[in-house]
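First comes the structure, then the notes that go with it.
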Amino acid sequence: MLRDTIEQVLLKVQKPAQYIGGELGSIVKDRDGVDLRFAFCFPDTYDVGMSHLGMKILYGLLNERPDIWCERVFAPWVDMEEQMRENHIPLYALESLDPVADFDIVGFTLQYELSFTNILNMLDLAGIPVLAAQRGDSLAPLIVAGGPCACNPEPLADFIDLFLLGEGEELNLELCDLYLACKKEGVGKGEFLRRAAQIEGVYVPSLYQVQYKEDGTVERVTPREGAPATVRKRIVREMSSAYFPANFVVPFTDIVHDRAMVEVLRGCIRGCRFCQAGFIYRPLREKDPGVIDAQAKALCKNTGYDEVSLTSLSTSDLTTLEGLLDEMLTWTEDEKVSLSLPSLRVDNFSKELVDRITSVRKSGLTFAPEAGTQRLRDAINKNVTQGEIDRTCALAFENGYTGVKLYFMIGLPTETMEDVEGIVETAQGVVDLYYKTKEHAKGKGVQVSVSTACFVPKPFTPFQFEPQDTMEQLAQKQERMRAVLRSKKIKLSCHDTQVSFIEGVFARGDRRLGKAILRAWESGCTFDGWSERFSYERWMAAFAGAGLDPAFYANRRRSYDEVLPWDHLDYGVSKAFLVRENQLAHQSVATPHCRQHCSGCGANKLLGGPCFGNDANNTPVV
Numbered sequence: 063m064l065r066d067t068i069e070q071v072l073l074k075v076q077k078p079a080q081y082i083g084g085e086l087g088s089i090v091k092d093r094d095g096v097d098l099r100f101a102f103c104f105p106d107t108y109d110v111g112m113s114h115l116g117m118k119i120l121y122g123l124l125n126e127r128p129d130i131w132c133e134r135v136f137a138p139w140v141d142m143e144e145q146m147r148e149n150h151i152p153l154y155a156l157e158s159l160d161p162v163a164d165f166d167i168v169g170f171t172l173q174y175e176l177s178f179t180n181i182l183n184m185l186d187l188a189g190i191p192v193l194a195a196q197r198g199d200s201l202a203p204l205i206v207a208g209g210p211c212a213c214n215p216e217p218l219a220d221f222i223d224l225f226l227l228g229e230g231e232e233l234n235l236e237l238c239d240l241y242l243a244c245k246k247e248g249v250g251k252g253e254f255l256r257r258a259a260q261i262e263g264v265y266v267p268s269l270y271q272v273q274y275k276e277d278g279t280v281e282r283v284t285p286r287e288g289a290p291a292t293v294r295k296r297i298v299r300e301m302s303s304a305y306f307p308a309n310f311v312v313p314f315t316d317i318v319h320d321r322a323m324v325e326v327l328r329g330c331i332r333g334c335r336f337c338q339a340g341f342i343y344r345p346l347r348e349k350d351p352g353v354i355d356a357q358a359k360a361l362c363k364n365t366g367y368d369e370v371s372l373t374s375l376s377t378s379d380l381t382t383l384e385g386l387l388d389e390m391l392t393w394t395e396d397e398k399v400s401l402s403l404p405s406l407r408v409d410n411f412s413k414e415l416v417d418r419i420t421s422v423r424k425s426g427l428t429f430a431p432e433a434g435t436q437r438l439r440d441a442i443n444k445n446v447t448q449g450e451i452d453r454t455c456a457l458a459f460e461n462g463y464t465g466v467k468l469y470f471m472i473g474l475p476t477e478t479m480e481d482v483e484g485i486v487e488t489a490q491g492v493v494d495l496y497y498k499t500k501e502h503a504k505g506k507g508v509q510v511s512v513s514t515a516c517f518v519p520k521p522f523t524p525f526q527f528e529p530q531d532t533m534e535q536l537a538q539k540q541e542r543m544r545a546v547l548r549s550k551k552i553k554l555s556c557h558d559t560q561v562s563f564i565e566g567v568f569a570r571g572d573r574r575l576g577k578a579i580l581r582a583w584e585s586g587c588t589f590d591g592w593s594e595r596f597s598y599e600r601w602m603a604a605f606a607g608a609g610l611d612p613a614f615y616a617n618r619r620r621s622y623d624e625v626l627p628w629d630h631l632d633y634g635v636s637k638a639f640l641v642r643e644n645q646l647a648h649q650s651v652a653t654p655h656c657r658q659h660c661s662g663c664g665a666n667k668l669l670g671g672p673c674f675g676n677d678a679n680n681t682p683v684v
């Protein structure tokens, strides 16, 4: 049995508990009693993947169906992969320990571009040909993918049979129903894909022909065999009635985010011009506070977690937040359950909010000014002022906090060295504010942690047209920050410019990049998001071998009328709106958030009406 072979190698690897399954809350079914087996694959390690809320939702959703068995699959770390290849252990699912190649549907979630080579490696470990064209017409296994990076699926077009665009709760079930019907009829993969392409939200890359101009840009994308010219993403319109699990799989080993998590809203009203999630998850939909409270209570009861995180892109924008926290405190305080709000904004942080989230235990505070000057914050539409930053930090210090984490980006469009220096000046201002605050914790120093990411332009944002700073430019800006930093009370960390460059290449790439992904994987690239595994040299060799210039994808400005590789996909936000927002950015002009005024992004068409009911301000601007 495969289990016996797996157990023999577990003592030779780190964290063996992540490879054997059997955790509390995992779902085991009779393989002979189900009609469809779904392998949900996270192309990173167990402790990263098990922290992902979307996987927990879809795992529970699919397993609600008695005729479907969904199991979890994670990328084995290097030591386990070595043992698997030496001992002929194929990639397997944790619940049954059955080989992934035996499943009907093998689904990957695309959370970040630097996981792409892991997808190829997992397919190869499973004994499945990595190229879709080499897998024949057999219906199984069907290789599908979804998640945020599916908004530009073109770099992976050679490897994935179909992509699921947008939110998966309804779409996954419709795909499974079609699969079951085709399985019963005995039709092949080709016919299945032609039928699947008619489902809203399903993109079949093999049914689209891409032609390029002499300058390397896309000339046109032509659908074939009845595929739609434009594929629109799917959304769940009503969050309060949408499926949410009452139980999570509780891991045996530590994971990155080991707590109960409840999604409180989906989408974002803010319109930060750099933020892909803020646009591709539009429109905003809130969950009813009674539903949130009940879901949190059920999770804590069923899992034993003593911390519950209220998650979203901007939890403090939940209109019912204070009332919700009051309701939750009626049971969380008695049961010693702490509340965590991981996405707070400085412009709506209040004393009342501090009191509620520190009632059981005090956790760290993290804020994201993103830019060091007001001009640049206006350009990126962050809509946060220096006064609000000062007020928020003073409030935190008055309530006993001695440390604050601040997130910034360098390389933002229109950025100058003055803006870069402003990052350190902002952090120094927070340090000074601590000692000016009379109520700060006595006898304790302050620690301000500053994290600076390298800006990467992403599809479906107003900055999708912008060039990414070169690695040399980014390195100069990082060095400038270090040069002007004087205080030991400020801890500065900077992201790797080479990693950000590769991310930038694939964020806005086309399907020609598939050759580079294949070459990079064949040369040993896996876990590219991990610093100890990343190899810039191997990636550059892969680009050269594929005859591609990575700077063409990362460091080139796009004209507004260029056909972008993802223009045939519709995520609800119009290109005309993104162009207008890009133009405003170059004027350092901010746009009001959605509740103040509708700027006509187009996302309300996904709801069939205004995003906020009868709100007079929610009239689209044409």
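Each number in this note's numbering comes from the position in the sequence shown (counting from 1) with 62 added on. Note that CB positions come from ideal geometry on N, CA and C, so glycine has one too.
| Query | Result |
| --- | --- |
| Below 8 angstroms, can you find three or more Cβ-Cβ pairs linking the stretch 488-507 to the stretch 306-317? | no |
| To which residues does DSSP link residue 467 through a beta bridge? | 428, 511 |
| Going by beta carbon distance, what residues of the same chain come within less than 8 angstroms of residue 479, once the five residues before and after it are set aside? | 539, 542 |
| Looking at the structure shown, is residue 204 part of a helix, part of a strand, or coil, going by DSSP? | strand |
| Taking Cβ positions, are residue 527 and residue 642 nearer each other than 8 angstroms? | no |
| Report yes or no: do three or more beta-carbon pairs, one from the stretch 574-585 and one from the stretch 510-520, lie closer than 8 angstroms? | no |
| Would you report the Cα separation of residue 604 and residue 582, rounded to the nearest angstrom? | 5 angstroms |
| So, using beta-carbon positions, are residue 662 and residue 615 closer together than 8 angstroms? | no |
| According to DSSP, residue 690 sits in a beta bridge with which residue or residues? | Outside the modelled stretch of the chain, which goes from 63 to 684, sits residue 690, for which no answer is possible. |
| Thinking just about the alpha-carbon of each residue, which of 532, 427, 455, 107 is nearest to the one in residue 473? | 532 |
| With H, G and I counted as helix, E and B as strand and the rest as coil, what does DSSP make of residue 128? | coil |
| Taking all protein chains shown into account, do 16 or more other C-beta atoms lie within 10 angstroms of the C-beta of residue 63, making it buried, or fewer, making it exposed? | exposed |
| Can you grab the Cα-Cα spacing for the pair residue 34 / residue 318, in whole Å? | Examination of residue 34 is not possible in this model, given that the chain is present from 63 through 684 alone. |
| Measuring straight from C-alpha to C-alpha, what distance separates residue 132 and residue 78? | 22 angstroms |
| Could you pull out every residue in the same chain whose Cβ sits closer than 7 angstroms to the Cβ of residue 524, ignoring the five residues on either side in sequence? | 335, 640, 643, 644, 647 |
| Within a Cβ cutoff of 7 angstroms, which residues of the same chain sit near residue 89, ignoring the five residues on either side of it in sequence? | 125, 157 |
| Can you tell me the Cα-Cα spacing of residue 638 and residue 623, whole angstroms? | 10 angstroms |
| Check whether the Cβ atoms of residue 653 and residue 443 sit closer than 8 angstroms, and answer yes or no. | yes |
| Please go through the stretch 535-589 and give each complete beta strand (DSSP E) segment of 3 or more residues, from N-terminal end onward. | 552-556 |
| Apply the 10 Å Cβ neighbour rule to residue 81 and answer buried if 16 or more other Cβ atoms are within range, or exposed otherwise. | buried |
| What does a CB cutoff of less than 8 angstroms around residue 121 pick up in its chain, not counting 5 residues either side in sequence? | 89, 102, 132, 134, 307, 311 |
| What does DSSP give as the partner residues of residue 632 in its beta bridges? | 294 |
| Using only CA atoms, which one of 613, 396, 273 lies nearest to residue 564? | 613 |
| Cα-Cα, which of 232, 246, 330 is closest to residue 304? | 232 |
| Quick one: give me the first and last residue of the alpha helix (DSSP H) that residue 612 is part of. | 612-616 |
| In chain order, what residues of the same chain have a beta carbon less than 7 angstroms from the beta carbon of residue 130, not counting five sequence neighbours either side? | 96, 98, 100, 124, 238 |
| Taking C-beta to C-beta, are residue 562 and residue 518 nearer than 8 angstroms? | yes |
| Examine the Cβ distances between the stretch 202-210 and the stretch 162-173 and report whether three or more of them are shorter than 8 angstroms. | yes |
| Out of curiosity, what's the CA-to-CA distance linking residue 557 and residue 566? | 13 angstroms |
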